[in-house]
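Asks:
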Amino acid sequence: MRLTRLTYRSVIFLAYLVMLLPVVLLVVTSFFKDAIITFPPSGLSLDWYENAVQREEFLTGFIVSFKVAALATVIGVPLGMAAALALTRSSIRGKQAITTFLLGPIIVPGIVAGTALYLTFLMAQNQLDMDIVGTLPGLVAAHILLTIPWTVRVATAGLQGLDQSVEEAAANLGARPWTVFIRVTLPMMRPAIVAASMFSFIQSFENLELTLLLVGPGMSTLPIAMLNYLEFQIDPTLAAVATIQIVVIAAMMLITDRYVKLSRIV
Amino acid sequence: MKSLELENVCKKYGEAVAVTDMSMHILTGELVSLLGPSGCGKTTTLRMVAGFVEPSSGSIRINGRDVTKLAPYERNTALVFQSYALFPHMTVAQNVGFGLEMRKVGKAEREEKSFEALKRVRLDHLADRYPRQLSGGQQQRAALARGLVLNPDIFLLDEPLSNLDAKLRGEVRSEIRGLQQSLELTTLMVTHDQEEALTMSDKLVLMEAGGVRQSGTAQDLYEQPADAFVADFVGRSNVIPGRIEDGQFRTEDGTSMPTVSGSSVDARYYTVRPEKITLSRDGDGVMGTLRERLYLGAQTEYTVMVGNASISVVTATPGPDDMRASLRVGDAVRLAWDAASARLLNN
Chain A
25 MRLTRLTYRS VIFLAYLVML LPVVLLVVTS FFKDAIITFP PSGLSLDWYE
75 NAVQREEFLT GFIVSFKVAA LATVIGVPLG MAAALALTRS SIRGKQAITT
125 FLLGPIIVPG IVAGTALYLT FLMAQNQLDM DIVGTLPGLV AAHILLTIPW
175 TVRVATAGLQ GLDQSVEEAA ANLGARPWTV FIRVTLPMMR PAIVAASMFS
225 FIQSFENLEL TLLLVGPGMS TLPIAMLNYL EFQIDPTLAA VATIQIVVIA
275 AMMLITDRYV KLSRIV
Chain B
77 MKSLELENVC KKYGEAVAVT DMSMHILTGE LVSLLGPSGC GKTTTLRMVA
127 GFVEPSSGSI RINGRDVTKL APYERNTALV FQSYALFPHM TVAQNVGFGL
177 EMRKVGKAER EEKSFEALKR VRLDHLADRY PRQLSGGQQQ RAALARGLVL
227 NPDIFLLDEP LSNLDAKLRG EVRSEIRGLQ QSLELTTLMV THDQEEALTM
277 SDKLVLMEAG GVRQSGTAQD LYEQPADAFV ADFVGRSNVI PGRIEDGQFR
327 TEDGTSMPTV SGSSVDARYY TVRPEKITLS RDGDGVMGTL RERLYLGAQT
377 EYTVMVGNAS ISVVTATPGP DDMRASLRVG DAVRLAWDAA SARLLNN
């Protein structure tokens, strides 16, 4: 009995170790003094953080990524929620086909979707005589292709568990359809909306493959700025940037968790 | 005066018939139960009254006004859902006040009325809790209060006791019936539990396969079942197939059963309630073999084979001196009952 419990605990411990070790190492190395990572380090410093904050490409990258992720979430989540609601509630034909279609952008490899978008944008640019590649609207449009499928995927599961008789109860008590939606359906969808928004934001914020061909001068996202930096240097600046990212995302999750328990929706 | 009338109501889903030619009439203060096995159309009927399902034909009138085509929010019915369907993001008081808010009742009056309704179901001390913080029984009382507060024309109950444990069920049963009678609520209740229907209702409507098999008071259905289905569904009954020969009912293997003279010659089923039969070791009556004995505490249930027919007998558990106390499975026994307590049915 005691042995099996011990084995069980060791397996859990090992699983966490494997998952968290790279993250821990990353955070630790960001404080190392040496430009080439050596162990043990010759000393500790915050120089790499200073470098990360001072280099313009990271700051711009962070701001662009944040803007793109926020806009793509604000536009994509309501659209995805509406689709998820229709897919779980109505009796339209070909639901399975529509679901697959909506999930398409995250099923297709990112680099393939990115190339397809790049070519489409180029053609549209010629037709419309305006810039799309390398602009904020272009990036947002591309990232909506990430936020819609993630919303559909996260929200469909959440909405299936939603008791429809609660909405019927509201109608029975005298509420008209629009009032039912605003006063009952929407509040009950809140956990699904929060979960979908968070996933969408993070997916957009950290996306590399889909975005690779669509960035332009002064309009590059953080992951791409990091990739570019890595081509020429391997000092711990990237570890510092990544640590800042981890802190920002962890803070977002903690704040979200105060309003909607994440353990209930993921 | 409040009333609910259904006239030749039908509901078809494509070829499938959910409810066919349903007519009934409920008067002020009456509680009528729709009773039947699952899939018999009772819930569809309830949902048609509430307005969630539109009848294919026929009409529904509440207080004499035709509501057949009206949306749920245009009818003054209060439906208590089987799952209670409380609004999870609102407190108990907000739940109860919701209907009044929809009716544009001012805040002060709303709060006063909600409090009154909650007091009626002894939940006023939990007004500020959220539904998930309440027990199943308390949630149901909150759902009742949410309906009561509107003084509805028709009160609708969907399987009100099915989500409660056995002990609470009896308590809630009398509580609902008490409220219904003291407030003279005109009520339509749906249940598959015959005991629930028998004890709570003024009138019962027994449904099967979308149609009404029999309606009447509990006594009507129990004492004078119209057919073998009713006899078997309401209370328990031994239903034995056979036919009349020379004025005597004979089972399929020829055993003759006590028969009142002048019985219908078309009779195909012989029914007798388990509690009407006396079982003895060696007295008068039909001969049989004891196949099973179930001790239920105050009562004992015997299963006796009479020819090919299996007959249930329920008696008070015999004391230690009683001859029946020493009966073993396989023993020969005699069954006797008054021919008048049996009923012969044509179908």
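Note that the protein sequences, when read in sequence, are chains A and B.
Take 25 as the starting number for the first sequence in our numbering and just add one per residue.
Take 77 as the starting number for the second sequence in our numbering and just add one per residue.
We put the CB at the ideal spot given by N, CA and C, even for glycine.
(1) CB B:GLY425 to CB B:LYS118, shorter than 8 Å?
(2) Only counting the same chain, and skipping five residues up and downstream in sequence, which positions put a Cβ closer than 7 Å to that of A:GLN188?
(3) Against chain B, which members of the segment 180 to 200 of chain A pass a CB distance test of less than 8 Å?
(4) Can you list the residues of chain B that A:PRO211 reaches, using a CB-CB cut of under 7 Å?
(5) Chain A beta carbons: is any one of them nearer than 8 Å to that of B:TYR149?
(6) Pull up the distance between the alpha-carbon of A:SER115 and that of A:GLN227, whole angstroms please.
(7) Looking only at its own chain, which residues have a Cβ that is under 7 Å from the Cβ of A:ALA112, when we skip the five neighbours before and after it?
(8) Considering only C-alpha positions, which residue in the set A:GLU233, A:LEU237 and A:ALA195 is nearest to B:LEU176?
(9) Does B:GLY292 come out as helix, strand or coil in the three-state DSSP assignment?
(10) Using a Cβ-Cβ distance under 8 Å, would B:GLY385 count as near chain A?
(11) Taking only beta-carbon positions, decide if A:VAL218 is within less than 8 Å of chain B.
(12) Let me confirm a value: B:PRO131 is counted as buried when at least 16 other C-beta atoms fall within 10 Å, else exposed. Which label applies?
(13) Restricting to Cα atoms, I'd like to know which of B:LEU80, B:ALA92 and B:SER114 is closest to B:MET100.
(14) Using a C-beta to C-beta distance shorter than 9 Å, which residues of chain A count as neighbours of B:ALA94?
(15) Just to confirm the assignment, what range does the beta strand (DSSP E) spanning B:ARG319 have?
(16) 8 Å is my cut-off, CB to CB: does B:ALA221 come that close to chain A?
(17) Which class does B:VAL380 belong to by DSSP, given the choice of helix, strand or coil?
(18) Kindly list the residues whose CB is nearer than 8 Å to the CB of B:ASN239, restricted to its own chain and excluding five residues on each side of it in sequence; keep chain order.
(19) Ignoring anything shorter than 4 residues or poking outside the segment 233 to 272 of chain B, list the alpha helix (DSSP H) runs there in chain order.
(20) So what does DSSP say about B:HIS76, is it helix, strand or coil?
(21) If I measure Cβ to Cβ from A:SER69 and keep anything under 6 Å in the same chain, skipping five residues before and after, which residues do I get?
(22) Taking the alpha helix (DSSP H) that B:PHE305 falls in, what are its first and last residues?
(23) Using the Cβ count rule (16 or more neighbours within 10 Å means buried), how would you classify B:ASP142?
(24) Give every residue of the same chain whose Cβ lies closer than 6 Å to the Cβ of A:TRP174, excluding the five residues on either side of it in the sequence, and list them in chain order.
(25) Exposed or buried, what is A:LEU95 when buried is set at 16 or more other beta-carbons lying within 10 Å of its beta-carbon?
(26) Output yes if chain A places a C-beta closer than 8 Å to the C-beta of B:ARG179; else output no.
(27) Pick from A:GLY85, A:VAL101, A:TRP202 and A:LEU234: whose alpha carbon is nearest that of B:MET178?
(28) Rounded to the nearest angstrom, how far is the Cβ of A:ALA166 from that of A:LEU234, given a contact under 8 Å?
(29) May I have the straight-line CA-CA distance separating B:ARG344 from B:LEU421, to the nearest angstrom?
(30) In the DSSP assignment, the beta strand (DSSP E) including A:MET43 goes from what residue to what residue?
(31) On the DSSP letters alone, give me the boundaries of the beta strand (DSSP E) that B:GLU81 sits inside.
(32) Using a Cβ cut-off of 8 Å (strictly closer), state whether B:THR153 contacts chain A.
(33) Just tell me which of B:LEU259, B:PRO301 and B:ILE252 has its CA closest to the CA of B:SER277.
(34) Measure from the C-beta of B:PHE174 to each C-beta in chain C and report whether the shortest distance is under 8 Å.
(35) Give the residues from the segment 108 to 132 of chain B that approach chain A closer than 7 Å (Cβ to any Cβ), ordered along the chain.
(36) Starting from A:LEU210, follow the alpha helix (DSSP H) in both directions and report where the run begins and ends.
Replies: Working from what's here:
(1) Residue coverage of chain B in this structure runs from 77 to 423, which leaves residue 425 of chain B outside it and unanswerable.
(2) So the list is empty, once near-sequence residues are dropped.
(3) ASP187, SER189, VAL190, GLU192, ALA193, ALA194, ALA195, ASN196, LEU197, GLY198, ALA199 and ARG200
(4) HIS165
(5) yes
(6) 31 Å
(7) Looking at the sequence shown, residue 112 of chain A is not Ala but Thr. Excluding residues within five positions, the ones whose Cβ falls inside 7 Å are THR180, LEU183 and GLN184.
(8) A:ALA195
(9) In this structure, DSSP gives B:GLY292 an extended state, which the three-state scheme calls strand.
(10) Sequence inspection shows Ala at residue 385 of chain B; the Gly mentioned does not correspond to that position. Taking Cβ atoms only, chain A never reaches closer than 8 Å to B:ALA385, which makes this a no.
(11) Chain B, which has no Cβ nearer than 8 Å to the Cβ of A:VAL218, makes this no.
(12) Taking a 10 Å sphere around the C-beta of B:PRO131, we find 16 or more other C-beta atoms and assign the residue as buried.
(13) B:LEU80
(14) Those within 9 Å of B:ALA94 in chain A number zero; the least Cβ separation is about 17 Å.
(15) It spans 314 to 321 - the beta strand (DSSP E) in which B:ARG319 sits, taken as one unbroken run.
(16) no
(17) strand
(18) GLN158, SER159, TYR160, GLY212 and GLN216
(19) Within the segment 233 to 272 of chain B, the alpha helix (DSSP H) runs of at least 4 residues that lie entirely inside it are, in chain order, 242 to 258.
(20) Here chain B has residues from 77 to 423 only, and residue 76 of chain B is not among them.
(21) LYS57
(22) It spans 304 to 309 - the alpha helix (DSSP H) in which B:PHE305 sits, taken as one unbroken run.
(23) Residue environment analysis places B:ASP142 among the exposed positions, since fewer than 16 neighbouring C-beta atoms fall within 10 angstroms of its C-beta.
(24) PHE223, SER224 and GLN227
(25) buried
(26) yes
(27) A:TRP202
(28) Rounded, the Cβ-Cβ distance is 6 Å, consistent with contact.
(29) 6 Å
(30) Here A:MET43 belongs to no beta strand (DSSP E); instead the alpha helix (DSSP H) covers 26 to 53.
(31) 79 to 89
(32) True, the Cβ-Cβ gap to chain A drops below 8 Å.
(33) Looking at the Cα atoms, B:ILE252 is the closest of the given residues.
(34) This model lacks chain C altogether, as its protein chains are A and B.
(35) Using a CB distance below 7 Å, the part of the segment 108 to 132 of chain B facing chain A consists of ALA126 and PHE128, ordered along the chain.
(36) 210 to 229
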